[in-house]
Amino acid sequence: MLSKKMQKAMNDQINAELYSGYLYLAMSNYFTVNNLPGMGKWMKVQAGEELGHAMKFFGYIHERSGEAALVQVDTPPAKWDGPLAVFQEAYKHELLVTSRIDKLVELAQAEKDHASVAFLTWYVTEQVEEEAAALGIVEKLKMIGNHPGGMYMLDRELGARAAD
Ligand code: OFO
3 MLSKKMQKAM NDQINAELYS GYLYLAMSNY FTVNNLPGMG KWMKVQAGEE
53 LGHAMKFFGY IHERSGEAAL VQVDTPPAKW DGPLAVFQEA YKHELLVTSR
103 IDKLVELAQA EKDHASVAFL TWYVTEQVEE EAAALGIVEK LKMIGNHPGG
153 MYMLDRELGA RAAD
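This note's numbering runs 2 ahead of the 1-based position in the sequence shown.
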């Protein structure tokens with residue numbers, strides 16, 4: 003059984019993961035309407051992953067005889083100042099999510115909730131990938147600058163991302 007405190011923290015994380023999905027869907031929309039369909043697809047796939055992250059917490063809470071609490075998801079922004087600004091925000095957002103996951107691990111450790119520590123390990127590893135992916139694209143966009151050919155190539159590359 004989860005402690006009430008852990009249950010609340012995991013429910014908050016469900017909301018945070020759903021917000022991540024919403025944010026990336028908003029970014030997908032921004033790219034798609036601004037003629038960057040590959041980046042739009044990349045973000046759409048990422049939004050789907052975030053929904054998966056939320057669902058894992060949802061399932062785990064029930065496995066531990068807890069109860070999920072679903073509350074309103076905030077409205078994400080809709081406009082950015084170009085692709086670099088979008089991916090910089092995505093990277094910053096992932097840093098925030100990593101710090102949230104780290105706090106969940108610390109709570110699980112403090113409560114000696116070994117099952118939750120084990121469950122959360124998947125997220126710790128996932129966040130390494132999430133940060134690296136966003137930062138890698140930020141670095142490429144910095145290299146490209148305002149070069150249209152480079153932007154076209156990167157859009158094609160990111161559009162090849164397959165849905166998991
Ligand atoms: Fe759920 O990892 Fe991104 O936010």
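We put the CB at the ideal spot given by N, CA and C, even for glycine.
The continuous alpha helix (DSSP H) containing Glu96 extends over residues 85-112. A contact is defined here as three or more CB-CB pairs under 8 Å, and the region 4-16 fails this definition with respect to the region 26-40. Annotated as distal: Met12 and Phe89, with beta-carbon spacing of 8 Å or more. Segment contact: the region 97-115 against the region 124-134, three or more CB-CB distances shorter than 8 Å; contact assigned.
Contact between Met41 and Leu160 is confirmed by a C-beta separation of about 5 Å, below the 8 Å threshold.
Going by C-alpha positions, Leu86 is about 6 Å away from Leu143.
Your pair Met57 and Tyr26 does not check out as a contact, with CB atoms roughly 15 Å apart and the cut at 8 Å. Only residues of its own chain outside the window of five on either side were considered, and among them Tyr93, Glu96, Leu97, Thr100 have a CB closer than 8 Å to the CB of Glu133, listed in chain order.
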